[in-house]
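K.L.:
Residue numbers are given in the working numbering: position 81 of the sequence shown equals residue 81, and the series is strictly consecutive. The beta carbon of each residue, even a glycine, is placed where N, CA and C say it ideally should be. Note that the structure is predicted; figures quoted are calculated from it, not measured.
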Amino acid sequence: MSSAETETDAVLAALATRLVGKARDTRPLLVGLTGSVAAGKSTLCTQLVPRLEPNLRVEVISTDGFLLPNDTLNARGLGLRKGFPESYDADGLFAALAALRAGPTRIPGYSHVTYDIDPALTRTLEGADIVILEGLGFAPFPDGRSLTDSLDLLIYLDASEADLEDWFAARFMGLWRAAETDPASFYAQFRHMDEVQAEQFGRMVWSQINLPNLRDHIVHARDRADILLRKDADHRLELVRGR
Numbered sequence: 001m002s003s004a005e006t007e008t009d010a011v012l013a014a015l016a017t018r019l020v021g022k023a024r025d026t027r028p029l030l031v032g033l034t035g036s037v038a039a040g041k042s043t044l045c046t047q048l049v050p051r052l053e054p055n056l057r058v059e060v061i062s063t064d065g066f067l068l069p070n071d072t073l074n075a076r077g078l079g080l081r082k083g084f085p086e087s088y089d090a091d092g093l094f095a096a097l098a099a100l101r102a103g104p105t106r107i108p109g110y111s112h113v114t115y116d117i118d119p120a121l122t123r124t125l126e127g128a129d130i131v132i133l134e135g136l137g138f139a140p141f142p143d144g145r146s147l148t149d150s151l152d153l154l155i156y157l158d159a160s161e162a163d164l165e166d167w168f169a170a171r172f173m174g175l176w177r178a179a180e181t182d183p184a185s186f187y188a189q190f191r192h193m194d195e196v197q198a199e200q201f202g203r204m205v206w207s208q209i210n211l212p213n214l215r216d217h218i219v220h221a222r223d224r225a226d227i228l229l230r231k232d233a234d235h236r237l238e239l240v241r242g243r
């Protein structure tokens, strides 16, 4: 195991211990996990969940499921603002968090093939010990409400803007390449571009949409986070703050 993997494993173990400890006193424990697009939030969940105690029932849900449908976003002129505070069904998200503390809760699903809400992906959660809500949408909504007020613990995954851009571009290109044989993919619409054009387009999306969202909205959750993690260019995790 490399030094980066060893350090990351230690951080994940400490994080798991923290969550398990809090889950003994609060059921269900509602944990928020946020950070920039491409920071690796979903990957962190995949790494973290197996380290939690096997007798605990852990569910991971994404804020993506609470985005407004594409038709609604486009009708409101928000098609290029997906992931910004105004692009979410805030009422639905707050209602779901409240319901999770009371009983069975229907959680809407989001397709990463069509990049839209997919009713077929709706699921019902019940009896979870820990629920991890990961994604964007943790900045205050236009009406001033904040998700952080409905959570028991907030984790922020930080990284440099330069690394985030590179990771976003790499992810974009991976999905662009995969779309060559998947006409249903959202990224199929970009297959008319050559590789250079596609990467330039991906970096333009980063600089004109995702970076402003990070600077104007997402990053404000960092100071409110109970746990601050930082990832370097080699994907090594560091525990910066844990309160």
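1. Which same chain residues, not among the five before or five after V113, have their C-beta less than 7 Å away from its C-beta?
2. Looking at the secondary structure, which residues open and close the beta strand (DSSP E) in which E238 lies?
3. Is it the case that the segment 127-142 contacts the segment 197-205, given that we only count it when at least three CB pairs across the two stretches are under 8 Å?
4. By the 10 Å Cβ neighbour count, where 16 or more other Cβ atoms means buried, how is D64 classified, buried or exposed?
5. Can you tell me which residues form a DSSP beta bridge with T105?
6. Assuming the contact rule is C-beta atoms closer than 8 Å, L244 and A225 should be a hit. Round their C-beta distance to whole Å, please.
7. Indicate whether the contact test is met: 3 or more Cβ pairs, each with one atom in the segment 13-21 and one in the segment 226-240, closer than 8 Å.
8. Can you grab the Cα-Cα spacing for the pair T72 / R81, in whole Å?
9. Give the secondary structure of G77 by DSSP, where H, G and I count as helix, E and B as strand, and everything else as coil.
10. In this structure, does DSSP put G35 in helix, strand or coil?
11. Do you know how far the Cα of T26 is from the Cα of S111?
12. Measuring CA to CA, which of L29, S207, V58 and R106 is closest to E161?
13. Use the C-beta contact count for A95: other C-beta atoms within 10 angstroms, 16 or more gives buried, fewer gives exposed.
14. Nearest to H192 by CA position, among N74, W176 and I117, is which residue?
15. Suppose contacts are defined by Cβ-Cβ distances below 8 Å. Is R57 in contact with G127 by that definition?
16. To which residues of the same chain is R171 closer than 7 Å at the C-beta, ignoring the five residues directly before and after it?
17. Check whether the Cβ atoms of A98 and T148 lie closer than 8 Å to each other.
18. Going by DSSP, name the residue or residues bridged to V58.
19. Quick check on the burial criterion: 16 or more other C-beta atoms within 10 angstroms. Buried or exposed for T43?
20. With distance defined between alpha-carbon atoms, name the residue in R241, V240 and R236 nearest to S256.
21. What do you reckon, is the C-beta of G109 under 7 Å from a heavy atom of the ligand COA?
P.N.:
For this structure:
1. A184, S185 and F186
2. L237 to G242
3. no
4. buried
5. L125
6. Within the shown structure, residues of the chain are numbered from 1 to 243, placing residue 244 beyond reach of any answer.
7. yes
8. 12 Å
9. coil
10. strand
11. 31 Å
12. S207
13. exposed
14. W176
15. yes
16. A38
17. no
18. I130
19. exposed
20. As displayed, the chain neither begins before 1 nor continues past 243, which places residue 256 out of reach and without an answer.
21. Looking for the ligand COA in the displayed structure turns up nothing, as the structure carries no ligands at all.
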